[in-house]
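Trainee: The structure under discussion is supplied below as structure tokens; questions concerning it will follow.
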Amino acid sequence: MGKRRFTEGTWRTDPLFRRLCKAFLACKKEKEVGDFLRDVATLAELKALSERLEVARLLLAGISYREAAKCAPSSTATVTRVAGFLNGGEGGYRSVLKTHRHHSSKRPPSRTALRRASGERMVSKQ
1 MGKRRFTEGT
11 WRTDPLFRRL
21 CKAFLACKKE
31 KEVGDFLRDV
41 ATLAELKALS
51 ERLEVARLLL
61 AGISYREAAK
71 CAPSSTATVT
81 RVAGFLNGGE
91 GGYRSVLKTH
101 RHHSSKRPPS
111 RTALRRASGE
121 RMVSKQ
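The numbers in full-length UniProt numbering rise by one with no breaks, and the one at position 35 of the sequence shown is 35.
Structure representation (structure tokens):
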């Protein structure tokens with residue numbers, strides 16, 4: 001029996017992928033999810049996933065691509081990729097962030113805070 005191809009047309013029904021999804025569902029606490037993720041992914045992969053979720057959160061809050069790239073911090077290519085999934089993906093980012101918003105008090109940074117963090121000079125309006 002040859003390897004099954006993991007493609008855009010087959011990923012959702014792939015038995016191994018479905019088993020992975022069920023493994024996440026079996027986790028009851030954040031620590032369990034974290035422990036599981038650490039066992040199945042490298043630190044670089046975890047960092048990349050974490051940054052992508054933060055980029056999605058910032059973009060959904062109306063932050064510009066450039067500001068999201070600075071704040072996350074991520075490349076503009078990553079920000080563009082995440083934006084593509086927000087606009088034409090499966091809806092996973094929106095679903096997770098909508099649910100997560102009720103459990104988190106962390107708000108996206110204000111435009112003023114972003115300017116300060118980037119070193120941009122503030123001009124007072126007089």
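For glycine and all other residues, C-beta sits at the position ideal for the given N, C-alpha and C.
So Leu59 and Ala68 are supposed to be a Cβ contact under 8 angstroms. How far apart are they, rounded?
Mentor: Working through the sequence shown from its first residue, we reach residue 59 at position 59. Working through the sequence shown from its first residue, we reach residue 68 at position 68. Their Cβ separation, rounded to whole angstroms, is 6 angstroms, which keeps Leu59 and Ala68 in contact under 8 angstroms.
Trainee: Measuring CB atoms only, is the region 1-11 touching the region 19-30, in the sense that at least three cross pairs come out at less than 8 angstroms?
Mentor: no
Trainee: Hey, Ala56 and Leu97: beta-carbon distance below 8 angstroms or not?
Mentor: Translated into the one-based positions of the sequence shown, residue 56 becomes position 56. Translated into the one-based positions of the sequence shown, residue 97 becomes position 97. Taking 8 angstroms as the Cβ cut-off, Ala56 and Leu97 qualify as a contacting pair.
Trainee: Identify the continuous alpha helix (DSSP H) that holds Thr76 and give its terminal residues.
Mentor: Taking the first residue of the sequence shown as 1, we reach residue 76 at position 76. Unbroken alpha helix (DSSP H) run through Thr76: Thr76 to Gly88.
Trainee: Using the beta-carbon count (16 or more within 10 Å), is Ser50 buried or exposed?
Mentor: Residue numbering aside, residue 50 sits at position 50 when the sequence shown is read from its first letter. By the 16-neighbour rule on beta-carbons within 10 angstroms, Ser50 is exposed.
Trainee: State the DSSP-derived secondary structure class of Cys21, mapped to helix, strand or coil.
Mentor: Taking the sequence shown and counting its residues from 1, the one referred to as residue 21 is at position 21. Looking at Cys21 - three-state DSSP - the assignment turns out to be helix.
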